[in-house]
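A.B. asks: Position 45 (the sequence shown) corresponds to 45 in full-length UniProt numbering; numbering is contiguous. Beta carbons are placed, not taken as given, at the ideal position from N, Cα and C, and that holds for glycine. One structure follows; several queries about it will come next.
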Amino acid sequence: MFIPVIMAGGTGSRLWPLSRSAYPKQYLPLASDNTMLQETVLRLKGAEHLAPLVICNEDSRFMVAEQLRAIKALECPVVLEPVGRNTAPAIALAALQAIADGEDPLLLILAADHVIQDQKAFLTAIEQAQVLAQNDAMVTFGIVPTHAETGYGYIKRGSAYNDAFKVDSFVEKPNLTTATEYLNSGEYYWNSGMFMFKASRYLTELEKYQPDILAACKKAIGNTSNDLDFVRVDKAAFEACPDDSIDYAVMEKTDAAVVVPLDAGWNDVGSWSALWEVNEKDDNGNAIKGDCITHDTNNCLIQSGERLIATVGVDDLVIVDTKDAVMVASKDKVQDVKKVVEKLKAESRSEFMFHREVYRPWGKYDSIDHGARYQVKRITVKPGAKLSVQMHHHRAEHWVVVSGTAKVTNGEKELLLTENQSTYIPVGVIHALENPGKVDLELIEVQSGSYLGEDDIVRFEDRYGRT
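Okay, structure coming up:
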């Protein structure tokens, strides 16, 4: 038996505008109707394992919980990283959490944002890795390359070892000539970033090569607290932890590294061109999602959010439309999308961080219009959910119920509003919104005032721990 450890961090830069800093690709349905996080959990069906452990950042916690709930994976514990410190510390937290009750399980380390098309081959490789890991091997999964790829690191195999291979070396991303040589040699695999080992074995190797990381993580995990279904570690201790990947911290140094070849239709969907590769295509090689009409269009990825996209006489393009942005790129230049994200961040534009539609633990809101002193939002509150008890220093709010039932606290008054009814909340008045019904509550909120930022919220009570 093993514990799948699912790493669900990310910056959301390579698949902008669909992914954002606050909504990276693992939370999106890119290659199926399920999100990539959900697919990562679901593809483990058929293997005997303990409940997966998910590691994510603070801001993503409710999104993770909601997506796990949707696939009935509520037994999965979620460990929250207060700050990003790369994979070596994150895996250390998982290992320390796994041995806390005196057990020493195997850990299967998975990224939440990979596509694996051949589930049977994937599960077979896991079975093979379990045997090796039980014998104290530090197993990594090497992807059998299909072409000379310059965007991945490589693993060079060494001598044969129990139906796998000792790792000779880890190699950085090569140029095209070198990648072609790697492919032709048959001795190199793509570095998948997936691993399997005993929890105690990882901690032993980490202590040998990066004791500062282990010491900081022990201190952080030694002062945990439970927040709803989440495990919080000590923030100050984890902030003091060095930033390092498992590759640099352990795998490139240990003499116990073993590579299991994996040929399972793997793709890390690290770019729009990679997403084009894994999606179904029409007779002209176009991967199309949403409302699109094409004429004389070939080998394009076209994704429409709400509007119609029409193309005429174009080839090898990526065209992506969301509610607040349109991106058009040459398919062979999509690695430079992150340059656009860097500019957005430098200019402090909201499109870097958020979509126009923003998800919250109680539901979501869509900023449908705004001006100098007003903003209009469409708010959806899930059944039984409640926004925090709060007030604003700089804005008033008008609420109009479109559908469902709203239980409203407005100063000293408590109101029950239904369709077409409304209320006005003046500046500085303490208020709250709750959905007491069985269906979604939909309302229109009109904000007006001198400052409309999301940071003009003073919370007094919050069932989601945000006070």
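Taking Cβ positions, are L108 and P261 nearer each other than 8 Å?
C.D. replies: no
A.B. asks: State the start and end residues of the unbroken alpha helix (DSSP H) segment that holds D227.
C.D. replies: It is not in any alpha helix (DSSP H) - D227 instead sits in the beta strand (DSSP E) that spans 225-227.
A.B. asks: Hey, out of M138, R232, A90, whose CA is closest to Y202's CA?
C.D. replies: M138
A.B. asks: Can you list the alpha helix (DSSP H) stretches of 4 or more residues lying completely in the stretch 57-87, in chain order?
C.D. replies: 61-70
A.B. asks: Could you give the first and the last residue of the continuous alpha helix (DSSP H) run that contains W16?
C.D. replies: Run containing W16: none; DSSP gives neither H nor E here.
A.B. asks: Please confirm whether T297 and T311 have their CB atoms less than 8 Å apart.
C.D. replies: Taking C-beta atoms as the reference points, T297 and T311 count as a pair closer than 8 Å.
A.B. asks: Are V278 and A31 close, meaning C-beta to C-beta below 8 Å?
C.D. replies: yes
A.B. asks: In the structure shown, what three-state DSSP assignment does D168 receive?
C.D. replies: strand
A.B. asks: Could you say if the stretch 356-373 and the stretch 330-339 meet the contact criterion of at least three C-beta pairs nearer than 8 Å?
C.D. replies: Under the Cβ criterion (8 Å, minimum of three pairs), the stretch 356-373 does not count as touching the stretch 330-339.
A.B. asks: How long is the line joining the alpha carbons of V231 and S185, rounded to whole angstroms?
C.D. replies: 46 Å
A.B. asks: Among A22, W16, I71, which one has its Cα closest to the Cα of L37?
C.D. replies: Between L37 and the set A22, W16, I71, the nearest pair of CA atoms involves I71.
A.B. asks: Which stretch, first to last residue, makes up the beta strand (DSSP E) that contains W399?
C.D. replies: 395-403
A.B. asks: I need the straight-line Cα distance from V167 to M196, nearest angstrom please.
C.D. replies: 14 Å
A.B. asks: Taking 8 Å as the threshold, find out whether the stretch 119-130 comes into contact with the stretch 227-243 through three or more Cβ pairs.
C.D. replies: The stretch 227-243 and the stretch 119-130 do not touch, with fewer than three beta-carbon pairs separated by less than 8 Å.
A.B. asks: For chain D, check one thing: does any of its Cβ atoms lie closer than 8 Å to the Cβ of S448?
C.D. replies: Protein chain content of the structure displayed is limited to a single chain, and chain D is not contained in it.
A.B. asks: Taking the alpha helix (DSSP H) that W272 belongs to, which residues open and close that run?
C.D. replies: 272-278
A.B. asks: Among the candidates I293, A287, N191, whose CA atom is the shortest distance from the CA of W266?
C.D. replies: N191
A.B. asks: On a CA-only basis, which of R157, D282, S450 is nearest Y374? Give me that one, please.
C.D. replies: S450
A.B. asks: Short of 8 Å in beta carbon distance, which residues of its chain neighbour Q130, apart from the five on each side in sequence? Order them along the chain.
C.D. replies: F2, L106, M196
A.B. asks: So if DSSP puts S330 in a beta bridge, which residue, or which two residues, is it bridged to?
C.D. replies: L317
A.B. asks: Which word fits T40, buried or exposed, when buried means at least 16 other C-beta atoms lie within 10 angstroms of its C-beta?
C.D. replies: buried
A.B. asks: At which residues does the alpha helix (DSSP H) containing V376 begin and terminate?
C.D. replies: No alpha helix (DSSP H) holds V376; the beta strand (DSSP E) holding it covers 374-381.
A.B. asks: Can you look up N162 in the DSSP assignment and give me helix, strand or coil?
C.D. replies: coil
A.B. asks: Where does L416 fall in DSSP's three states?
C.D. replies: strand
A.B. asks: DSSP state of P4, grouped into three classes?
C.D. replies: strand
A.B. asks: Determine the DSSP secondary structure at Q26, reduced to helix, strand or coil.
C.D. replies: helix
A.B. asks: Taking only the alpha-carbon atoms, compute the straight-line gap between R349 and I116 and give it to the nearest angstrom.
C.D. replies: 34 Å
A.B. asks: Taking Cβ positions, are C56 and V83 nearer each other than 8 Å?
C.D. replies: no
A.B. asks: Terminal residues of the continuous alpha helix (DSSP H) containing M251?
C.D. replies: Neither: M251 is in no alpha helix (DSSP H) and is coded neither H nor E.
A.B. asks: Could you tell me the boundaries of the alpha helix (DSSP H) in which T180 lies?
C.D. replies: 176-185
A.B. asks: Taking buried to mean at least 16 other C-beta atoms within 10 Å of its own C-beta, is P29 buried or exposed?
C.D. replies: exposed
A.B. asks: Relative to the alpha-carbon of R466, which residue among D59, G46, L44, S19 has its alpha-carbon at the smallest distance?
C.D. replies: D59
A.B. asks: In the DSSP assignment, the beta strand (DSSP E) including Y209 goes from what residue to what residue?
C.D. replies: It is not in any beta strand (DSSP E) - Y209 instead sits in the alpha helix (DSSP H) that spans 199-209.
A.B. asks: Roughly how many angstroms separate the alpha carbons of Q421 and V400, rounded to a whole number?
C.D. replies: 6 Å
A.B. asks: Between which two residues does the beta strand (DSSP E) containing K364 stretch?
C.D. replies: 363-370
A.B. asks: From the DSSP output, read off the bridge partner residues of V358.
C.D. replies: Y365
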